[in-house]
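Undergrad:
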Amino acid sequence: MPCGHNFCLKCFEKWIKQGGHSCAKCRASIPPKMKCQPRINLALVAAVRMARSKSTPSGADPSKAYNFVHNQNRPDKAYTTERAKKAGKANAASGKIFVTIAPDHFGPILAENDPVRNQGVLVGESWEDRLECRQWGAHLPHVAGIAGQSEYGSQSVALSGGYEDDEDHGEWFLYTGSGGRDLSGNKRTNKEQSFDQKFEKLNEALRISCKKGYPVRVVRSHKEKRSSYAPESGVRYDGIYRIERCWRKAGTQGFKVCDTCLFDATMNLPHGLVKHMVTAQGHCLSYRS
DNA sequence: CCATGCGCTGAC
DNA sequence: GTCAGCGCATGG
Numbered sequence: 001m002p003c004g005h006n007f008c009l010k011c012f013e014k015w016i017k018q019g020g021h022s023c024a025k026c027r028a029s030i031p032p033k034m035k036c037q038p039r040i041n042l043a044l045v046a047a048v049r050m051a052r053s054k055s056t057p058s059g060a061d062p063s064k065a066y067n068f069v070h071n072q073n074r075p076d077k078a079y080t081t082e083r084a085k086k087a088g089k090a091n092a093a094s095g096k097i098f099v100t101i102a103p104d105h106f107g108p109i110l111a112e113n114d115p116v117r118n119q120g121v122l123v124g125e126s127w128e129d130r131l132e133c134r135q136w137g138a139h140l141p142h143v144a145g146i147a148g149q150s151e152y153g154s155q156s157v158a159l160s161g162g163y164e165d166d167e168d169h170g171e172w173f174l175y176t177g178s179g180g181r182d183l184s185g186n187k188r189t190n191k192e193q194s195f196d197q198k199f200e201k202l203n204e205a206l207r208i209s210c211k212k213g214y215p216v217r218v219v220r221s222h223k224e225k226r227s228s229y230a231p232e233s234g235v236r237y238d239g240i241y242r243i244e245r246c247w248r249k250a251g252t253q254g255f256k257v258c259d260t261c262l263f264d265a266t267m268n269l270p271h272g273l274v275k276h277m278v279t280a281q282g283h284c285l286s287y288r289s
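UniProt numbering numbers the first residue of the first sequence as 1 and each following residue consecutively.
If you want it as structure tokens, here you go:
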């Protein structure tokens with residue numbers, strides 16, 4: 001908050017719901033925008049997590065996992081063709097991919113795959129839009145939310161607020177599958193669901209990554225307006241998550257959706273605890289500024 | 001080849 | 001603010 005105080009997100013939301021209008025610590029007034037769109041203080045989340053994990057589990061190096069960047073060393077703008085310059089960026093070619101990962105590469109993008117900067121893609125790094133995000137390999141499809149192959153697995157997902165059944169709790173979230181929508185009329189998206197989703201194609205790719213335990217890269221977009229964990233602008237790489245389970249459920253629009261629960265891989269949580277968080281929706285390791 | 005897709009833009 | 005509708009990349 002402007003006064004510099006931080007609160008647990010759940011507590012803050014409860015406070016606002018009860019009619020709180022000032023900081024519980026210093027009574028400074030809370031701006032309206034902060035009331036309706038509180039944002040997570042990622043630096044504080046990282047610090048608290050770091051402090052909590054006293055012993056370093058083998059295979060997880062916190063110094064790497066929490067290597068945040070502050071938008072310096074930004075790459076060039078996404079490449080656009082001459083034709084796209086006339087027609088607008090929506091019609092642009094995606095441009096050069098700067099990293100050397102294969103499209104079906106699972107897991108982080110390391111320094112050895114980043115000949116341009118030799119540092120890899122860092123957790124917390126962000127880009128202007130999906131085309132630029134694609135150029136750095138974090139999430140390659142520039143429209144689709146799920147990257148993957150139905151017989152191999154899913155490499156990454158994007159949280160962009162495109163499906164209202166999504167639920168973002170920071171270190172874990174529920175992600176709705178693709179499909180179920182009428183895209184006739186040359187549409188790329190459609191807010192209305194008109195038939196059931198199935199575990200096929202990209203949804204099936206997620207299910208395979210779940211079964212195999214593959215790491216999934218996660219990016220969050222500013223277009224997700226309901227989440228306090230979404231960036232205020234651009235597209236941000238939020239690191240590696242793993243899939244706890246996939247199932248079908250009734251969506252809010254009256255048709256079935258393929259739901260997936262992902263959790264932050266650096267949490268090292270036993271599956272039971274994630275389930276507990278899903279059902280109890282207790283306090284999370286969530287702080288805001 | 002054809003179908004899908006959680007973007008993006010200018011126009012209103 | 002809302003909206004239609006486009007190229008492109010990818011999977012199948």
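The beta carbon of each residue, even a glycine, is placed where N, CA and C say it ideally should be.
Please state the DSSP three-state secondary structure of Thr266.
TA: It is helical.
Undergrad: Please look up how many angstroms separate the CB atoms of Asp165 and Ser227, rounded, as I've assumed it's under 8 Å.
TA: With 8 Å as the limit, Asp165 and Ser227 do not qualify as a contact, their Cβ atoms being about 13 Å apart.
Undergrad: Opposite Gln149 in the DSSP bridges: which residues?
TA: Gly153
Undergrad: Runs of 4 residues minimum, wholly inside the segment 6–58: which ones carry the alpha helix (DSSP H) assignment?
TA: The segment 6–58 contains these whole alpha helix (DSSP H) runs: 9–17, 32–36 and 42–52.
Undergrad: Leaving out five residues on either side along the sequence, give the residues of the same chain with a beta carbon under 6 Å from the beta carbon of Thr176.
TA: Tyr163, Asp165, Asp166 and Val257
Undergrad: Can you name, in chain order, every residue of its own chain whose Cβ lies under 6 Å from the Cβ of Val116, other than the five neighbours on each side?
TA: Phe98
Undergrad: Could I get the ranges of all uninterrupted alpha helix (DSSP H) runs contained in the UniProt domain "YDG" (116–264), with 4 residues as the minimum, in chain order?
TA: 130–135 and 201–212
Undergrad: By the 10 Å Cβ neighbour count, where 16 or more other Cβ atoms means buried, how is Arg188 classified, buried or exposed?
TA: exposed
Undergrad: For His139, which option in Tyr152, Glu151, Ser150 and Val121 has the closest C-alpha, if you only look at C-alpha atoms?
TA: Val121
Undergrad: State the Cα-Cα distance for the pair Gln155 and Ala24, rounded to the nearest angstrom.
TA: Whole-angstrom Cα-Cα distance: 42 Å.
Undergrad: Taking DSSP as the reference, what is the three-state secondary structure of Ala111?
TA: helix
Undergrad: Do Leu202 and Gly148 have their CB atoms nearer than 8 Å?
TA: yes
Undergrad: Quick one: using the 10 Å Cβ neighbour count with 16 as the cut-off for buried, is His70 buried or exposed?
TA: With a pLDDT of 34 at His70, under the threshold of 50, the modelled position of this residue cannot be trusted, and the question is left open.
Undergrad: Taking 8 Å as the cut-off, does the segment 18–36 touch the segment 206–223 (at least 3 CB pairs, one atom from each stretch)?
TA: no
Undergrad: Report buried or exposed for Trp247, applying the criterion of at least 16 other Cβ atoms within 10 angstroms of its Cβ.
TA: exposed
Undergrad: Using 8 Å as the cut-off, can you tell me whether the segment 184–198 makes contact with the segment 248–255, which would need three or more C-beta pairs spanning the two stretches below that distance?
TA: yes
Undergrad: As a quick exercise: from Trp172, Asn113, Val123 and Gly179, pick the residue whose alpha carbon is nearest that of Gly145.
TA: Gly179
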